[in-house]
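A.B. asks: Protein chains in written order, with the numbering used here: chain Z, 48 to 356; chain V, 48 to 356. Ideal placement from N, C-alpha and C gives every residue a C-beta, glycine not left out. Got a structure here, written out as structure tokens. Questions coming.
There are 2 protein chains.
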Amino acid sequence: MILTVTLNTALDITYRVGALRPHTTHRVSDVTERPGGKGVNVARVLAVLGHETTVTGFVGGATGRAVRERLAEVSGVVDALLPVAGPTRRTIAVVDELTGDTTQLNEPGPQIAPSEWGAFLDHYEELLGAASAVALCGSLPPGVPVGAYAGLIKSARSAGVPVLLDTSGEPLRRGVAARPDLVKPNADELAELTGSHEPLRATQDARRRGARAVVASLGAEGLLAVTPEGRWRAVPPAPVRGNPTGAGDSAVAGLLSGLVERLPWPDRLSRAVALSTATVRAPAAGEFDRSAYHDLLERTVVTSAVSMA
Amino acid sequence: MILTVTLNTALDITYRVGALRPHTTHRVSDVTERPGGKGVNVARVLAVLGHETTVTGFVGGATGRAVRERLAEVSGVVDALLPVAGPTRRTIAVVDELTGDTTQLNEPGPQIAPSEWGAFLDHYEELLGAASAVALCGSLPPGVPVGAYAGLIKSARSAGVPVLLDTSGEPLRRGVAARPDLVKPNADELAELTGSHEPLRATQDARRRGARAVVASLGAEGLLAVTPEGRWRAVPPAPVRGNPTGAGDSAVAGLLSGLVERLPWPDRLSRAVALSTATVRAPAAGEFDRSAYHDLLERTVVTSAVSMA
Numbered sequence: 048m049i050l051t052v053t054l055n056t057a058l059d060i061t062y063r064v065g066a067l068r069p070h071t072t073h074r075v076s077d078v079t080e081r082p083g084g085k086g087v088n089v090a091r092v093l094a095v096l097g098h099e100t101t102v103t104g105f106v107g108g109a110t111g112r113a114v115r116e117r118l119a120e121v122s123g124v125v126d127a128l129l130p131v132a133g134p135t136r137r138t139i140a141v142v143d144e145l146t147g148d149t150t151q152l153n154e155p156g157p158q159i160a161p162s163e164w165g166a167f168l169d170h171y172e173e174l175l176g177a178a179s180a181v182a183l184c185g186s187l188p189p190g191v192p193v194g195a196y197a198g199l200i201k202s203a204r205s206a207g208v209p210v211l212l213d214t215s216g217e218p219l220r221r222g223v224a225a226r227p228d229l230v231k232p233n234a235d236e237l238a239e240l241t242g243s244h245e246p247l248r249a250t251q252d253a254r255r256r257g258a259r260a261v262v263a264s265l266g267a268e269g270l271l272a273v274t275p276e277g278r279w280r281a282v283p284p285a286p287v288r289g290n291p292t293g294a295g296d297s298a299v300a301g302l303l304s305g306l307v308e309r310l311p312w313p314d315r316l317s318r319a320v321a322l323s324t325a326t327v328r329a330p331a332a333g334e335f336d337r338s339a340y341h342d343l344l345e346r347t348v349v350t351s352a353v354s355m356a
Numbered sequence: 048m049i050l051t052v053t054l055n056t057a058l059d060i061t062y063r064v065g066a067l068r069p070h071t072t073h074r075v076s077d078v079t080e081r082p083g084g085k086g087v088n089v090a091r092v093l094a095v096l097g098h099e100t101t102v103t104g105f106v107g108g109a110t111g112r113a114v115r116e117r118l119a120e121v122s123g124v125v126d127a128l129l130p131v132a133g134p135t136r137r138t139i140a141v142v143d144e145l146t147g148d149t150t151q152l153n154e155p156g157p158q159i160a161p162s163e164w165g166a167f168l169d170h171y172e173e174l175l176g177a178a179s180a181v182a183l184c185g186s187l188p189p190g191v192p193v194g195a196y197a198g199l200i201k202s203a204r205s206a207g208v209p210v211l212l213d214t215s216g217e218p219l220r221r222g223v224a225a226r227p228d229l230v231k232p233n234a235d236e237l238a239e240l241t242g243s244h245e246p247l248r249a250t251q252d253a254r255r256r257g258a259r260a261v262v263a264s265l266g267a268e269g270l271l272a273v274t275p276e277g278r279w280r281a282v283p284p285a286p287v288r289g290n291p292t293g294a295g296d297s298a299v300a301g302l303l304s305g306l307v308e309r310l311p312w313p314d315r316l317s318r319a320v321a322l323s324t325a326t327v328r329a330p331a332a333g334e335f336d337r338s339a340y341h342d343l344l345e346r347t348v349v350t351s352a353v354s355m356a
């Protein structure tokens with residue numbers, strides 16, 4: 048199975064309102080709830096692609112129970128979340144029906160006790176034993192050490208399990224130094240890590256910091272990959288409009304499934320771009336349009352990227 | 048005991064954010080949760096005043112479990128909520144730390160099935176047997192008939208239990224016609240019911256529509272009471288600044304406790320104004336400042352109101 052780790056799982060709530068006006072009262076016309084956090088989103092896409100997937104991380108409180116109840120309805124995803132005392136965070140996306148724009152409110156997540164973190168490390172080691180690959184995704188809840196991902200990467204490497212890291216800030220900086228097989232920063236994360244806003248230069252720099260391969264997600268410009276096997280750019284066939292929520296998570300699922308299936312890099316990248324683009328196009332945030340995916344897969348263009356070095 | 052009915056209970060969530068800017072992402076710095084809905088707020092204040100209080104209404108889903116867990120922590124309030132299939136609504140108050148202003152997002156509430164409404168009517172009849180007074184508070188969730196409060200008022204009257212109604216719109220219009228002992232509309236509700244924006248005229252009109260007594264809450268101008276025993280105005284000693292959330296519910300608790308204690312009207316009104324003002328002044332929404340309450344109680348001025356008739 049493929050293991051995805053979401054230390055800061057979430058109950059993702061979407062509200063539709065007529066128009067969001069600060070300092071007034073709004074009647075919410077429609078409420079949807081989904082189990083969330085980046086690794087949970089990745090797992091959902093992997094399951095649709097036919098990969099047996101297990102999710103782990105922390106879950107707690109009434110919101111945590113809601114996450115587990117809804118996760119149980121997702122076929123192909125096994126729940127190996129670890130219960131903690133603090134409540135799982137909520138994220139609220141308020142969709143303005145007038146403009147279509149979204150306002151996001153993200154809770155910080157539960158305080159994780161040192162004993163809970165210790166229990167997770169044991170649980171993770173055990174899950175690694177059955178994993179063909181692992182993805183470490185998203186932010187760290189309060190109480191988890193900032194070097195957490197570096198430790199989880201080292202454990203995966205010791206167990207011989209390929210490991211992908213998708214996070215930001217200091218956890219990304221420390222994680223990259225622990226030599227993961229793949230990191231997938233977006234343009235902002237890459238610039239924060241390397242100080243460079245030039246994508247190819249920054250992607251190469253990120254790789255020099257320790258990652259075996261770096262795939263940068265550049266929004267409408269697609270993906271830029273710098274790997275030991277070569278450098279590629281993969282771009283969607285046409286500009287897309289829609290909701291980018293979850294597009295990066297779909298790209299991670301594309302890359303990880305391609306790695307497990309031992310696809311050549313160009314095929315992994317076209318899959319990741321097609322999944323990501325099909326997610327932007329889908330009407331519901333984080334879902335993807337399967338017929339659009341198959342169409343996009345055929346039309347995504349992957350080209351060799353010229354080195355700056 | 049005093050019974051409060053909240054058909055549309057809520058999990059009241061308060062978020063603090065630096066500044067709310069539509070169409071951006073916000074990190075919530077502080078999250079608080081309380082069991083909510085008007086009748087639950089009334090019960091909490093009644094319990095602080097030393098009255099044994101029972102809350103009923105509907106509760107369901109993960110949010111409903113959270114409401115019950117938090118209600119169990121409130122001493123003096125007995126939970127007689129009826130479980131339903133649909134999830135209890137959330138309300139989100141987003142407090143902007145820059146301006147202190149609040150943006151409110153209110154979910155609509157669960158769909159109540161006809162069988163659930165029928166079960167509630169039996170449950171309510173049973174609770175009435177032990178009640179010294181009953182307050183019917185707030186909006187109706189989807190599926191509850193618009194004449195619901197009229198029916199609940201008739202049952203209370205048949206059981207000889209004094210009944211207070213605090214709602215708005217068509218449920219208020221129909222409820223008033225069923226002859227409750229007391230209604231407590233605010234200025235907007237009163238204007239919607241009577242078509243008049245002149246408080247004394249509108250309050251007298253509301254009474255002619257069937258209520259035995261009408262106490263209108265007029266914000267900073269305090270309360271205006273039109274009763275068979277006389278007409279009074281009760282005003283806070285000085286203008287107050289703060290958060291008006293829950294001020295009306297505190298006024299209801301003041302009026303209802305005064306009714307059960309058989310206080311003269313001027314004493315009921317000064318209690319209601321003092322509680323309401325102490326609630327506006329308290330730092331947390333819906334709480335009240337007890338020392339401020341006792342001080343305000345002595346200084347609230349109640350005067351006879353001249354009739355327009």
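Going straight from the alpha carbon of G86 (chain V) to that of E236 (chain V), what length do you get?
C.D. replies: Residue 86 (chain V) sits at position 39 when you count from the first residue of the second sequence. Residue 236 (chain V) sits at position 189 when you count from the first residue of the second sequence. C-alpha separation (whole angstroms): 17 Å.
A.B. asks: By Cβ distance below 6 Å, which residues in the same chain neighbour E154 (chain V) in space, the five residues on each side in sequence not counted?
C.D. replies: In the second sequence, the residue the question calls residue 154 (chain V) occupies position 107. So the list reads R136 and R137, once near-sequence residues are dropped.
A.B. asks: Of the residues that make up the region 153-178 of chain Z, which ones have a beta carbon closer than 7 Å to any beta carbon in chain V?
C.D. replies: Under the 7 Å Cβ criterion, the region 153-178 of chain Z contributes N153, E154 and P155.
A.B. asks: Would you report the Cα separation of E268 (chain Z) and S317 (chain Z), rounded to the nearest angstrom?
C.D. replies: Counting from one through the first sequence, the residue named residue 268 (chain Z) turns up at place 221. Counting from one through the first sequence, the residue named residue 317 (chain Z) turns up at place 270. Straight-line Cα distance between these residues: approximately 13 Å.
A.B. asks: Under 8 Å between C-beta atoms, does T150 (chain V) make it to chain Z?
C.D. replies: Residue numbering aside, residue 150 (chain V) sits at position 103 when the second sequence is read from its first letter. Answer yes: the Cβ-Cβ gap between T150 (chain V) and chain Z drops below 8 Å somewhere.
A.B. asks: Do P246 (chain Z) and A260 (chain Z) count as a contact pair if the criterion is CB distance below 8 Å?
C.D. replies: As a working mapping, residue 260 (chain Z) is identified with position 213 in the first sequence. As a working mapping, residue 246 (chain Z) is identified with position 199 in the first sequence. No, Cβ-Cβ distance for A260 (chain Z) and P246 (chain Z) is not below 8 Å.
A.B. asks: Would you kindly work out how many angstroms separate the C-alpha atoms of H70 (chain V) and A249 (chain Z), rounded to a whole number?
C.D. replies: Counting from 1 along the second sequence, the entry for residue 70 (chain V) is found at position 23. Counting from 1 along the first sequence, the entry for residue 249 (chain Z) is found at position 202. Approximately 29 Å, taken between the alpha carbons.
A.B. asks: T103 (chain V) by DSSP, collapsed to three states: which one?
C.D. replies: Counting from one through the second sequence, the residue named residue 103 (chain V) turns up at place 56. If DSSP states are grouped into helix, strand and coil, T103 (chain V) belongs with the strands.
A.B. asks: Compare the C-beta of P69 (chain V) with all C-beta atoms of chain Z and state if any pair is closer than 8 Å.
C.D. replies: Position 22 of the second sequence holds residue 69 (chain V). Chain Z contact via Cβ: present.
A.B. asks: To the nearest whole angstrom, what separates the beta carbons of V131 (chain V) and A178 (chain V), a pair I think is in contact under 8 Å?
C.D. replies: Mapped onto the second sequence, residue 131 (chain V) falls at position 84. Mapped onto the second sequence, residue 178 (chain V) falls at position 131. Contact doesn't hold; Cβ gap of about 22 Å is too wide.
A.B. asks: Does the distance from the CB of L54 (chain Z) to the CB of F105 (chain Z) come in under 8 Å?
C.D. replies: Working through the first sequence from its first residue, we reach residue 54 (chain Z) at position 7. Working through the first sequence from its first residue, we reach residue 105 (chain Z) at position 58. Yes, they are a contact pair.
A.B. asks: Would you be able to state if there are at least three C-beta pairs under 8 Å between the region 323-331 of chain Z and the region 290-301 of chain V?
C.D. replies: Contact between the region 290-301 of chain V and the region 323-331 of chain Z is absent, because fewer than three Cβ pairs lie under 8 Å.
A.B. asks: If you draw a straight line from the C-alpha of R254 (chain V) to the C-alpha of T350 (chain V), how long is it?
C.D. replies: Numbered from 1 along the second sequence, position 207 holds the residue referred to as residue 254 (chain V). Numbered from 1 along the second sequence, position 303 holds the residue referred to as residue 350 (chain V). If you take the alpha carbons of R254 (chain V) and T350 (chain V), they lie about 20 Å apart.
A.B. asks: Would A234 (chain Z) and G257 (chain Z) be called neighbours here (beta carbons separated by less than 8 Å)?
C.D. replies: Position 187 of the first sequence holds residue 234 (chain Z). Position 210 of the first sequence holds residue 257 (chain Z). No, Cβ-Cβ distance for A234 (chain Z) and G257 (chain Z) is not below 8 Å.
A.B. asks: Using a Cβ-Cβ distance cut-off of 8 Å, determine whether M355 (chain Z) contacts chain V.
C.D. replies: Position 308 of the first sequence holds residue 355 (chain Z). The predicted model places M355 (chain Z) with a pLDDT of 45, which falls under 50 and marks its position as unreliable, so this point remains unresolved.
A.B. asks: DSSP beta-bridge partners for D336 (chain V)?
C.D. replies: Numbered from its first residue, the second sequence carries residue 336 (chain V) at position 289. Answer by DSSP bridge pairing: none, since D336 (chain V) is not bridged.
A.B. asks: With distances taken between CB atoms, is the gap from L187 (chain Z) to V52 (chain Z) smaller than 8 Å?
C.D. replies: Start at 1 with the first residue of the first sequence, and residue 187 (chain Z) comes out as number 140. Start at 1 with the first residue of the first sequence, and residue 52 (chain Z) comes out as number 5. No, the pair does not count as a contact, with Cβ atoms beyond the cut-off.
A.B. asks: Using DSSP with H/G/I as helix, E/B as strand and the rest coil, what is Q158 (chain V)?
C.D. replies: What you label residue 158 (chain V) is simply residue 111 of the second sequence in a count that begins at 1. In this structure, Q158 (chain V) counts as coil in the three-state DSSP scheme.
A.B. asks: According to DSSP, is P275 (chain Z) helix, strand or coil?
C.D. replies: Within the first sequence, the letter at position 228 stands for residue 275 (chain Z). DSSP places P275 (chain Z) in coil when its eight states are reduced to three.
A.B. asks: Whole angstroms is fine: what's the gap from A300 (chain Z)'s alpha carbon to G301 (chain V)'s?
C.D. replies: Along the first sequence, one-based indexing puts residue 300 (chain Z) at 253. Along the second sequence, one-based indexing puts residue 301 (chain V) at 254. Roughly 58 Å separates the two Cα atoms.
A.B. asks: Quick one: Cα of V327 (chain V) to Cα of A298 (chain V), how far?
C.D. replies: Stepping through the second sequence from its first residue, residue 327 (chain V) is reached at position 280. Stepping through the second sequence from its first residue, residue 298 (chain V) is reached at position 251. So the alpha carbons of these two residues sit roughly 11 Å apart.
A.B. asks: Can you find the residues in the same chain that come closer than 7 Å, C-beta to C-beta, to M355 (chain Z), ignoring five residues on each side of it along the sequence?
C.D. replies: Position 308 of the first sequence holds residue 355 (chain Z). Residue placement at M355 (chain Z) is poorly supported in this model, since its pLDDT is 45, which falls under 50; the coordinates still yield a value, given next. Around M355 (chain Z): L247, R248 and Q251.
A.B. asks: Kindly identify the DSSP beta-bridge partner or partners of V253 (chain Z).
C.D. replies: Taking the first residue of the first sequence as 1, we reach residue 253 (chain Z) at position 206. Reading off the sequence, residue 253 (chain Z) comes out as Ala, not Val. Beta-bridge pairing links A253 (chain Z) to no other residue.
A.B. asks: So the alpha helix (DSSP H) E326 (chain V) belongs to, where does it begin and stop?
C.D. replies: As a position in the second sequence, residue 326 (chain V) is number 279, starting the count at 1. For the record, residue 326 (chain V) in the displayed sequence is Thr; it is not Glu. First-last of the alpha helix (DSSP H) with T326 (chain V): W312 to R328.
A.B. asks: Using the Cα positions of T150 (chain V) and A140 (chain Z), report the straight-line distance between them to the nearest angstrom.
C.D. replies: Counting from 1 along the second sequence, the entry for residue 150 (chain V) is found at position 103. Counting from 1 along the first sequence, the entry for residue 140 (chain Z) is found at position 93. Spanning the two alpha carbons is a distance of roughly 14 Å.
A.B. asks: For the region 185-237 of chain V, which segments carrying the alpha helix (DSSP H) assignment without a break, of at least 4 residues, lie completely within its bounds, in sequence order?
C.D. replies: As far as the region 185-237 of chain V is concerned, its whole alpha helix (DSSP H) runs of at least 4 residues are 195-205 and 216-224.
A.B. asks: Compare the Cα-Cα distances from G190 (chain Z) to each of Z:A166, Z:P157 and Z:D169 and report the closest residue.
C.D. replies: For the purposes of this step, residue 190 (chain Z) is identified with residue 143 of the first sequence, where counting begins at 1. Taking only the C-alpha atoms, the option nearest G190 (chain Z) is Z:P157.
A.B. asks: How would you list, in chain order, the residues of chain Z whose beta-carbon sits under 9 Å from the beta-carbon of D296 (chain V)?
C.D. replies: Taking the second sequence and counting its residues from 1, one reaches residue 296 (chain V) at position 249. Ordered by position in chain Z, no residue passes the 9 Å Cβ test against D296 (chain V), which lies about 16 Å from the chain.
A.B. asks: Kindly indicate if chain V contains any beta-carbon less than 8 Å away from that of R288 (chain Z).
C.D. replies: Locating residue 288 (chain Z) in the first sequence gives position 241, where the first residue counts as 1. Answer no: the Cβ-Cβ gap between R288 (chain Z) and chain V never drops below 8 Å.
A.B. asks: Are at least three pairs of beta-carbons, each pair with one atom in the region 155-175 of chain V and one in the region 92-111 of chain V, less than 8 Å apart?
C.D. replies: Yes, since at least three Cβ pairs between the region 155-175 of chain V and the region 92-111 of chain V fall closer than 8 Å, the two stretches touch.
A.B. asks: Give every residue of the same chain whose Cβ lies closer than 6 Å to the Cβ of E163 (chain Z), excluding the five residues on either side of it in the sequence, and list them in chain order.
C.D. replies: Here residue 163 (chain Z) is taken as the residue at index 116 of the first sequence, counted from 1. V131.
A.B. asks: Following the continuous alpha helix (DSSP H) through E116 (chain V), name the residue where it begins and the one where it ends.
C.D. replies: For the purposes of this step, residue 116 (chain V) is identified with residue 69 of the second sequence, where counting begins at 1. Where E116 (chain V) is concerned, the enclosing alpha helix (DSSP H) stretches over G108 to L118.
A.B. asks: Give a yes or no on whether 8 Å exceeds the smallest Cβ distance from R81 (chain Z) to chain V.
C.D. replies: For this step, residue 81 (chain Z) is matched to residue 34 along the first sequence. It does not; no Cβ of chain V falls within 8 Å.
A.B. asks: Mind pulling the chain B residues with CB within less than 8 Å of A109 (chain V)?
C.D. replies: This model lacks chain B altogether, as its protein chains are Z and V.
A.B. asks: Spell out whether any CB of chain V is found under 8 Å from the CB atom of R74 (chain Z).
C.D. replies: Residue numbering aside, residue 74 (chain Z) sits at position 27 when the first sequence is read from its first letter. With 8 Å as the cut-off, R74 (chain Z) counts as an interface residue toward chain V.
A.B. asks: Against D143 (chain Z), what residues of chain V qualify as contacts under a CB-to-CB distance less than 9 Å, listed in chain order?
C.D. replies: For the purposes of this step, residue 143 (chain Z) is taken as residue 96 along the first sequence, with counting starting at 1. Under the 9 Å cutoff, chain V gives P69 and H70.
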